[in-house]
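Visitor: Protein chains in written order, with the working numbering: chain E, 19 to 268; chain F, 31 to 434.
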């Protein structure tokens, strides 16, 4: 009898949980995605393999990043190439300000020169180092740039359609969000009514955070880009001295 | 050879002391032809560069950083057997980080100019003018201190040894020097001083950054030292007739300023000006031919993976027959995909009878670290102009480079 009562209680709790989940609006779901806890300062290594027509090129990058745009902070990133040898040592410093403007600098070790880059809104739609990702795909979208609609909820997986309020380079996006982590596991990017690219994401839990472990972007044109993340250092106190020309050149 | 041994010793000591270092370098093979004559471009560089670099201490806050590169070059087109193969020291320096200061010593490259086609403020390094339309900086021995502030930097250099630029061969000689160039060159009379206080160079560059629009940088430059490139030609006489010539390398003083502004919308604006006086002439009332102003102003516009740059260059020399010269430089670059890049550069002289150069380039990444490049230079204009005088020097080069 006790077992039956316990089972009934568990069923009731589960039903309550599903009801609670399904009660979430699309905006509430996306609030959870965009406001998921983020590491204060992160260091990571990234391997990017771009495959086209069966031929691959690999780039390895170390990233230092801090700041959270959602909290009204300047997002700062330094990326240094560690491979291949012909680009090794070169790097970027990017400061993404709260007003959405971006300040970027490029370090060219062969010339011994830090070069300021002109940045504009079109930069965000350009390919990230010749890969299937655009810079915007990598940097992430702003929550307020879309309206959201839940298309389905199945097995704890929300399907949310995001329709842009302004030009973001795509007609719409469809997110597949795992409600146990509030992380998206797949994004479909639509252009001209068709899926132009599909992104699949895998995460690993490090401390309190779900950090990307592997992201694959497959284009309808048959090229793919795979990003593999490793050597995470989270909640690092990355002072302002990191996000400087001096550190970029070291 | 002493420098190479010194670099090797330095590298060995560092590696032994530190126990960890990166070894990297490249192998490059290059062939080139003059378009009109099917003659090979000389030198035809076959280069192996090897280097060691590393840091001591934490990756985010190193105490010391070092680099030493050595080039082994082979030129199959060289007539002189002794010059067929050579060993050169490239960049080789050690940098110590102490609070906000960076102290560095050794063979270094200094880049103070902000423009891409013309460099009025880059006067510290000597230049390799082997291909005079694409000069390369030569690393020179320097002591250097950089003070890094929150939004400014002060970069001071002292250059104890004068280094001469590598001059092009006679086919690139400007028309004004061609008559003199037919005379024998008396190199023993060149003003090539060994160490002397008179030849020590020193100067600095101050840069401040401001949060205006998407970033504003203002810079100022001062440098005083013996010019690494000839500032004139002098004749030697025998029985009252010119019998030879030698180059003169005067002391020069540069005062310059630069500005870079990123207003947004993919645009970048740049301007850089330098005032140079020679031979310790009075700065405010210089003698004729001893003072010049070089300036470059331009823009960059980036759209997608393509970029357009336009630069206007003004050169004024006091007392010269043609005091003002004007040029316009245009550069278009486009990264077509992750493997293919193309570039078209042009330089047009507006002064006098004019003249211009076109340089198309393309590169393709065959595999990780392996890149093939093709570039060509075409020159047009009246023979009396610089580019017109190069019209028989149209050339194309093909190179293959493997970096490891």
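We treat Cβ as the ideally placed atom computed from N, Cα and C, and that holds for glycine.
For residue 395 of chain F, I'd like the list of residues in its chain whose CB is within less than 6 Å of its CB, leaving aside the five on either flank, ordered along the chain.
Guide: Excluding residues within five positions, the ones whose Cβ falls inside 6 Å are 369, 401.
Visitor: Starting from the C-beta of residue 262 of chain F, find all residues in its chain whose C-beta is less than 6 Å away, skip the five residues before and the five after it, and write them out in chain order.
Guide: Excluding positions up to five away in sequence, the list reads 278.
Visitor: My guess is that residue 132 of chain E and residue 263 of chain E are in contact by the Cβ rule of under 8 Å, so how many angstroms apart are they, rounded?
Guide: Residue 132 of chain E to residue 263 of chain E, Cβ: 5 Å. Contact.
Visitor: Along chain F, which residues have their Cβ under 9 Å away from the Cβ of residue 103 of chain E?
Guide: Chain F residues near residue 103 of chain E: 54, 55, 56, 398, 399, 432, 433, 434.
Visitor: Contact check, residue 71 of chain F vs residue 425 of chain F under 8 Å by CB: the rounded distance?
Guide: 5 Å between Cβ atoms; contact.
Visitor: Between F:247, F:310, F:286, which lies nearest to residue 255 of chain F when the distance is taken from Cα to Cα?
Guide: When only C-alpha atoms are compared, the closest one is F:310.
Visitor: Going by DSSP, what residues sit across from residue 138 of chain F in a beta bridge?
Guide: DSSP, once it has assigned bridges, lists F:170 as partnering residue 138 of chain F.
Visitor: If we ignore side chains and look at the alpha-carbon of each, how far apart do residue 233 of chain F and residue 172 of chain F end up?
Guide: Straight-line Cα distance between these residues: approximately 11 Å.
Visitor: What residues in its chain sit with their C-beta under 6 Å from that of residue 390 of chain F, if we drop five residues either side in the sequence?
Guide: Contacts found: 374, 406.
Visitor: Taking 8 Å as the cut-off, decide whether the C-beta atoms of residue 206 of chain E and residue 192 of chain E are in contact.
Guide: Yes; because the gap between Cβ atoms is below 8 Å, this pair is in contact.
Visitor: Apart from the five residues just before and just after residue 58 of chain E, which ones in its own chain have a Cβ nearer than 6 Å to its Cβ?
Guide: Hits under 6 Å: 253.
Visitor: Using three-state DSSP, classify residue 90 of chain E as helix, strand or coil.
Guide: Three-state DSSP puts residue 90 of chain E in coil, outside helix and strand.
Visitor: First and last residue of the beta strand (DSSP E) that includes residue 158 of chain F?
Guide: Its beta strand (DSSP E) spans residues 156-158.
Visitor: Beta carbons nearer than 7 Å to chain E: which residues of the region 144-158 of chain F have them?
Guide: From the region 144-158 of chain F, no residue has a Cβ closer than 7 Å to chain E.
Visitor: Counting only runs of 3+ residues fully inside the region 170-208 of chain E, write out the beta strand (DSSP E) ranges in chain order.
Guide: 175-182, 190-196, all fully within the region 170-208 of chain E.
Visitor: Which residues in the same chain have their Cβ closer than 6 Å to the Cβ of residue 298 of chain F, if we skip the five residues on either side of it in sequence?
Guide: Only 292, 330 meet the Cβ criterion.
Visitor: When the Cα atoms are used, what is the spatial distance from residue 81 of chain E to residue 90 of chain F?
Guide: Cα to Cα, residue 81 of chain E sits roughly 12 Å from residue 90 of chain F.
Visitor: Go ahead and label residue 79 of chain E buried or exposed: buried means 16 or more other beta carbons lie within 10 angstroms of its beta carbon, across all protein chains shown.
Guide: Flag for residue 79 of chain E reads buried.
Visitor: At the level of alpha carbons, what is the spacing between residue 144 of chain F and residue 200 of chain F?
Guide: Residue 144 of chain F and residue 200 of chain F: Cα-Cα distance of roughly 31 Å.
Visitor: Please classify residue 266 of chain F as buried or exposed, where buried requires at least 16 neighbouring CB atoms within 10 angstroms.
Guide: Classification of residue 266 of chain F: exposed, given that the 10 Å Cβ count is below 16.
Visitor: Tell me the rounded alpha-carbon separation between residue 216 of chain F and residue 77 of chain E.
Guide: Cα-Cα distance, rounded: 52 Å.
Visitor: Per DSSP, what are the beta-bridge partners of residue 102 of chain F in this structure?
Guide: Answer by DSSP bridge pairing, in chain order: F:78, F:117.
Visitor: Which term fits residue 84 of chain E, buried or exposed, when burial requires 16 or more other beta carbons within 10 angstroms of its beta carbon?
Guide: With 16 or more Cβ atoms within 10 Å of its Cβ, residue 84 of chain E is classed as buried.
Visitor: Can the beta-carbon of residue 134 of chain E be found less than 8 Å from the beta-carbon of residue 152 of chain F?
Guide: Cβ atoms of residue 134 of chain E and residue 152 of chain F: not closer than 8 Å.
Visitor: Can residue 159 of chain E and residue 181 of chain E be called in contact, C-beta distance under 8 Å?
Guide: Their beta carbons are not under 8 Å apart, which means residue 159 of chain E does not touch residue 181 of chain E by this criterion.
Visitor: Any idea if residue 343 of chain F is buried or exposed, counting beta-carbon neighbours within 10 angstroms, 16 or more meaning buried?
Guide: The residue in question, residue 343 of chain F, is buried, as its Cβ has 16 or more Cβ neighbours within 10 Å.
Visitor: Under the three-state reduction of DSSP, which class applies to residue 266 of chain E: helix, strand or coil?
Guide: Looking at residue 266 of chain E - three-state DSSP - the assignment turns out to be helix.
Visitor: Let me make sure I understand the geometry here. Which of E:190, E:90, E:64 has the alpha-carbon closest to that of residue 100 of chain E?
Guide: For residue 100 of chain E, the nearest C-alpha among the options comes from E:64.
Visitor: Round the Cβ separation of residue 115 of chain F and residue 98 of chain F to the nearest angstrom and send it over; I've been treating them as touching at under 8 Å.
Guide: No, residue 115 of chain F and residue 98 of chain F are not in contact; Cβ-Cβ is about 20 Å, not under 8 Å.
Visitor: Just confirm the distance between the C-beta atoms of residue 150 of chain E and residue 241 of chain E, as a whole number of angstroms; I'd bet it's less than 8 Å.
Guide: With a Cβ gap of about 6 Å, residue 150 of chain E and residue 241 of chain E count as contacting.
Visitor: Looking at the structure shown, is residue 50 of chain E part of a helix, part of a strand, or coil, going by DSSP?
Guide: Here residue 50 of chain E sits in helix by DSSP.
Visitor: Do residue 274 of chain F and residue 213 of chain F come within 8 Å of each other at the CB atom, strictly closer than that value?
Guide: Yes, the Cβ-Cβ distance between residue 213 of chain F and residue 274 of chain F is below 8 Å.
Visitor: Kindly indicate which three-state DSSP category residue 342 of chain F falls into: helix, strand or coil?
Guide: Strand.
Visitor: Taking residue 228 of chain E as part of the beta strand (DSSP E), name the residues at either end of that continuous run.
Guide: Here the beta strand (DSSP E) through residue 228 of chain E covers 227-237.
Visitor: Please state whether DSSP places residue 418 of chain F in a helix, a strand or coil.
Guide: Here residue 418 of chain F sits in helix by DSSP.
Visitor: Between residue 417 of chain F and residue 379 of chain F, is the Cβ-Cβ spacing less than 8 Å?
Guide: Yes, the Cβ-Cβ distance between residue 417 of chain F and residue 379 of chain F is below 8 Å.
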